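Remarks on the structure that follows.
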Amino acid sequence: MSNTTIGAIVRGDREVFPPYLYEAYQSTRRRAPTLPLVDVPLTLSELTGPGPVISAISPEDADLTRNAGTGSEAVGQRI
């Protein structure tokens, strides 16, 4: 497994995460994987995160009573 940094977390770092199989803890005997783990590459959305960057958000986006796309009233019932 490769050590890919995601924020402050490193996948595969055995000093940070406990082992999958820890003999003293009985339930890990049944839960621990018996085959090697499959390393799945990260997708673009996992690396970049969701949505626009904070600098691209306008004050109109924060007003939930208005339809930001048209400037008219929001569609739907107000709660």
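Residue numbers for the sequence shown follow my numbering, so the first one is 16 and each next one is one higher.
Every residue gets a Cβ at the ideal spot worked out from N, C-alpha and C, and that includes glycine.
For clarity, every value in this text was computed on a predicted model and none was experimentally measured.
Q. Could you give the distance in angstroms between the alpha-carbon of S2 and the alpha-carbon of G84?
A. The structure shown does not extend to residue 2, since the chain spans only 16 to 94, so no value can be given for it.
Q: Just tell me which of P56, T58, Y37 has its CA closest to the CA of P48.
A: Y37
Q: Pull up the DSSP beta-bridge partners for P88, would you.
A: A small correction: the amino acid at residue 88 is Glu; Pro does not occupy that position in the sequence shown. For E88, which the question treats as bridged, DSSP gives the partners R81.
Q: Quick one: measure Cβ to Cβ for A89 and L79, integer angstroms, because I've assumed they're closer than 8 Å.
A: 7 Å
Q: Would you kindly work out how many angstroms separate the C-alpha atoms of L62 and G91, rounded to a whole number?
A: 34 Å
(Q) In whole angstroms, give me the CA-to-CA distance for R46 and V53. (A) 16 Å
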